[in-house]
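Chemist:
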Amino acid sequence: MTATPIILDTGPLIALLSERDDYHYWSLQQLADMKGPLITCEAVITEASFLLKKRTTQEPAILLEMVHNGSIEISFHLDDEAKSIEQLMRKYTTVPMSFADACLVRMAERYPDSAVLTLDSDFRIYRKNRNQVIPVIMPELH
């Protein structure tokens, strides 16, 4: 039996790397409790690189180190998924859906037993395969 893949969004990734982030300890705890591989896409790495430099003292190269050492797997190829991503972004224009979010929703479709680790409440709105709720791991709403 293989472990359930966890699809990693930008928010928890930044929180993990920044002790000053409000969700730092929550992110650490979630990752400590997970058994499955952490997978993501280049769009999340790009967003995280920008935000890491802007919000923290961490160098964005740490993200590539995490990919290189296998802490995070890049498990998405835009050239294979461009049409699906375009359709998702058109469907959710009123939310709106970011490019990275569209990639993560598509990953949730490609990995049916996965869950998305996120801080983004829009994932409660998004649906995979047209009408299926996406399993999410996110902090409780207060």
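Going by this note's numbering, the sequence shown opens with residue 808, and the numbers climb by one from there. All C-beta atoms, glycine included, are put in the ideal place defined by N, C-alpha and C.
1) Along the chain, which unbroken stretches of the alpha helix (DSSP H) at least 4 residues long are found entirely within the region 884–909?
2) Thinking Ile-944 and Gln-836 are a contact (beta carbons under 8 Å), I'd like their distance in whole angstroms, please.
3) Could you check how far apart the C-beta atoms of Ile-846 and Pro-812 are, in whole angstroms? I think they sit under 8 Å.
4) In whole angstroms, give me the CA-to-CA distance for Ala-810 and Gly-843.
5) Give every residue of the same chain whose Cβ lies closer than 7 Å to the Cβ of Leu-895, excluding the five residues on either side of it in the sequence, and list them in chain order.
6) So what does DSSP say about Ile-941, is it helix, strand or coil?
7) Out of Ala-850, Leu-823, Pro-819 and Ala-855, point me to the one whose CA is closest to Ala-889's CA.
8) Between Pro-942, Leu-859 and Val-902, which has its C-alpha nearest Pro-919's C-alpha?
9) Could you check the C-alpha separation between Asn-938 and Ile-892 for me, to the nearest Å?
Modeler: So, to answer that:
1) 885–898
2) With 8 Å as the limit, Ile-944 and Gln-836 do not qualify as a contact, their Cβ atoms being about 11 Å apart.
3) 5 Å
4) 4 Å
5) Met-904, Ala-909, Val-912 and Arg-913
6) coil
7) Ala-850
8) Pro-942
9) 16 Å
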